[in-house]
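Engineer:
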Ligand SMILES: *Cc1c(COP(=O)(O)O)cnc(C)c1O
């Protein structure tokens, strides 16, 4: 690798204000950013412009599944970019075919469409559903309250949270929301126009809420009975984060009938490219040819470069048994967090999630004396204090702090992170 890659630039110091000023002047201010600017990362460690080290439990929001600067991912990027980067979907190339084959093997009989992000992968699901119901005039998709499906125009219509919709009305038609994990609510909400149900296996942005096995199996039965497509958004909870490739595989482990469960389509992104942008959806065999020639397309979707990287990541996850690692290290983290909830019950009220998709819920602001008089939320305050102490996490809503670290996180790193969390949590007590 040394002969191909230039040496890493030296860590620049005291340049945060310079970088921030560039953003303030030239970058659309649609994000609320934390006051940190990063220069480099390795594994689960990141360094900011001041040279301060952080342990990364946010994983770039569940994206950096092999951590930062994984040498073999770099190698795949360099090798493929020297061979072929892009040709468009007017032609065939091996990396896209091979990646589709690998994803089908991990999920079940079907086919894959490649896109570039989670929101775009979900757009494919909406179009698949509309195509499916078109001749019967059915188009309506039911989604869950508190869900998150991306920031495209249809994505905010699908998302069951008002905050993403505000100011962008009128919403794209054809989406209605029902309470999550409530099968009767889905049944009651069905209309003659309903064509599909879309849920996350574990709600991520909504605060780490797993679907119950009864809900998943009940939805499958209901969708079969009513001729509806069961769509699952696996963008955040997929890609071995829970210890299995898709979260429903983990959620249904050991549940009678669980091993036979399959949704009709699944969207993927985030960890799929480990930081290189790629999204995809898998569609179950009976519906795999619904989107025929000319019905759906994206110029960049599934480039040789993106697919070579995603393919290499899957090989590494399998070779290094990172699904098992996610399970084992996730168990250490979850036990540690539950210990914190037991020792500081006035601060940490609940711990949720599976594998390396975990969340801890903080007490309401009024019950945290440390937050008296501040206008921040418990989650933001906690995340900021964790930053100061050298740990990156991701808030979900006002009350929940999420851990979405790399799948190759070590038990030592997990323990170090837990100690930092304990320091911050005890400071909030
Ligand atoms: C992040 C996310 C999306 C959107 O993905 P983008 O790549 O940001 O478009 C969709 N669904 C879920 C569940 C997500 O977590």
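Residue numbers (the working numbering): 181 to 609. Here a beta-carbon is modelled for each residue, glycine too, at the ideal position from N, C-alpha and C.
On the premise that residue 550 lies in contact with residue 603, defined as a C-beta separation below 8 angstroms, what is that separation, rounded to the nearest angstrom?
Structural biologist: Residue 603 to residue 550, Cβ: 13 angstroms. No contact.
Engineer: Is residue 419 near ligand 1, in the sense that its beta carbon is under 6 angstroms from a heavy atom of that ligand?
Structural biologist: No; taking the cut-off as 6 angstroms, the Cβ of residue 419 has no heavy atom of ligand 1 nearer than that.
Engineer: Would residue 264 and residue 253 qualify as a contact pair, given that the criterion is a beta-carbon distance under 7 angstroms?
Structural biologist: Cβ atoms of residue 264 and residue 253: not closer than 7 angstroms.
Engineer: Would residue 534 and residue 374 qualify as a contact pair, given that the criterion is a beta-carbon distance under 7 angstroms?
Structural biologist: Contact: no.
Engineer: Does the Cβ of residue 449 lie closer than 6 angstroms to at least one heavy atom of ligand 1?
Structural biologist: Yes, the beta carbon of residue 449 sits closer than 6 angstroms to at least one heavy atom of ligand 1.
Engineer: In angstroms with no decimal places, state the Cα-to-Cα distance between residue 659 and residue 319.
Structural biologist: Only positions 181 to 609 of the chain appear in the structure, and residue 659 is not among them; the question remains open.
Engineer: Return the chain-ordered list of same chain residues with a C-beta closer than 7 angstroms to the C-beta of residue 224, the five sequence neighbours on each side being excluded.
Structural biologist: Contacts found: 235, 236, 247, 585, 586, 589, 593.
Engineer: In terms of residues, what are the limits of the alpha helix (DSSP H) holding residue 460?
Structural biologist: No alpha helix (DSSP H) holds residue 460; the beta strand (DSSP E) holding it covers 459-464.
Engineer: Under the assumption that residue 356 contacts residue 369 (Cβ atoms under 8 angstroms), give the Cβ distance between them as a whole number of angstroms.
Structural biologist: Residue 356 to residue 369, Cβ: 6 angstroms. Contact.
Engineer: May I ask which residues mark the beginning and end of the alpha helix (DSSP H) holding residue 567?
Structural biologist: Start and end: 558-568.
Engineer: Expressed to the nearest angstrom, what Euclidean distance is found between the alpha-carbon atoms of residue 609 and residue 526?
Structural biologist: Cα to Cα, the separation comes out at about 7 angstroms.
Engineer: Going by beta-carbon coordinates alone, are residue 304 and residue 468 separated by less than 7 angstroms?
Structural biologist: Against a cut-off of 7 angstroms, the Cβ pair of residue 468 and residue 304 comes out as no contact.
Engineer: Can you list the beta strand (DSSP E) stretches of 3 or more residues lying completely in the region 514-595, in chain order?
Structural biologist: With a minimum length of 3 residues, the continuous beta strand (DSSP E) runs that stay inside the region 514-595 are 528-534, 537-542, 574-576, 580-583.
Engineer: Thinking residue 541 and residue 529 are a contact (beta carbons under 8 angstroms), I'd like their distance in whole angstroms, please.
Structural biologist: Confirmed, about 5 angstroms.
Engineer: Could you tell me whether the region 278-287 touches the region 488-504, where touching means 3 or more Cβ pairs closer than 8 angstroms?
Structural biologist: Touching, yes.
Engineer: Below 6 angstroms, is the gap between the Cβ of residue 554 and the nearest heavy atom of ligand 1?
Structural biologist: Checking the Cβ of residue 554 against ligand 1 gives no.
Engineer: According to DSSP, which residues form a beta bridge with residue 447?
Structural biologist: Looking at the DSSP assignment, residue 447 forms a beta bridge with 413, 461.
Engineer: Could you tell me the boundaries of the beta strand (DSSP E) in which residue 234 lies?
Structural biologist: Residues 233-236.
Engineer: Is residue 216 helix, strand or coil by DSSP?
Structural biologist: Residue state, collapsed to three classes: coil.
Engineer: When DSSP labels each residue in this structure, what does residue 399 get in the three-state scheme?
Structural biologist: Helix at residue 399.
Engineer: Near residue 431, which residues of its chain fall below 7 angstroms by C-beta distance, leaving aside the five closest residues on each side in sequence?
Structural biologist: Answer for residue 431: 381, 390, 391, 393, 396, listed in chain order.
Engineer: Provide the residue span of the beta strand (DSSP E) that contains residue 290, from first to last.
Structural biologist: Segment 290-295, the beta strand (DSSP E) holding residue 290.
Engineer: Can you name the residues that DSSP bridges to residue 222?
Structural biologist: Answer by DSSP bridge pairing, in chain order: 225.
Engineer: One question on the structure: do residue 352 and residue 334 come within less than 7 angstroms of each other, judged by their Cβ atoms?
Structural biologist: Yes; because the gap between Cβ atoms is below 7 angstroms, this pair is in contact.
Engineer: Check residue 374 in the structure and name its three-state DSSP category.
Structural biologist: Of the three classes helix, strand and coil, the one that applies to residue 374 here is strand, per DSSP.
Engineer: Is residue 415 near ligand 1, with its Cβ less than 6 angstroms from a heavy atom?
Structural biologist: For ligand 1, at least one heavy atom lies less than 6 angstroms from the Cβ of residue 415.
Engineer: Can you round the beta-carbon distance between residue 426 and residue 450 to whole angstroms, since I take them to be within the 8 angstroms contact cut?
Structural biologist: Actually they do not touch by this definition, with Cβ atoms about 13 angstroms apart.
Engineer: If you follow the beta strand (DSSP E) that residue 319 is part of, which residue opens it and which one closes it?
Structural biologist: From DSSP, residue 319 is part of no beta strand (DSSP E); its letter is neither H nor E.
Engineer: Under 7 angstroms, do residue 420 and residue 503 count as touching if we go by C-beta distance?
Structural biologist: Yes, these two residues count as a Cβ contact at 7 angstroms.
Engineer: Look up residue 382 in the DSSP assignment and say whether it is helix, strand or coil.
Structural biologist: Residue state, collapsed to three classes: strand.
Engineer: Could you say which of 340, 363, 409 lies nearest to residue 387 if we only look at CA atoms?
Structural biologist: Closest by alpha carbon: 340.
Engineer: Among all the DSSP beta bridges, which residues are the ones paired with residue 356?
Structural biologist: Its beta-bridge partners are 322.
Engineer: Output the boundary residues of the alpha helix (DSSP H) element that contains residue 254.
Structural biologist: Looking at the DSSP string, the run of the alpha helix (DSSP H) that includes residue 254 is 251-263.
Engineer: Excluding the 5 residues preceding and the 5 following residue 296 in the sequence, name in chain order all residues of the same chain whose CB lies nearer than 7 angstroms to its CB.
Structural biologist: Within the same chain, residue 296 has close Cβ partners 457, 458, 459, 478, 480, 481.
Engineer: Report whether the distance from the Cβ of residue 248 to the nearest heavy atom of ligand 1 is below 6 angstroms.
Structural biologist: It does not: the Cβ of residue 248 is nowhere closer than 6 angstroms to a heavy atom of ligand 1.
Engineer: Any idea what DSSP makes of residue 456, helix, strand or coil?
Structural biologist: Reduced to three states, the DSSP call for residue 456 is strand.
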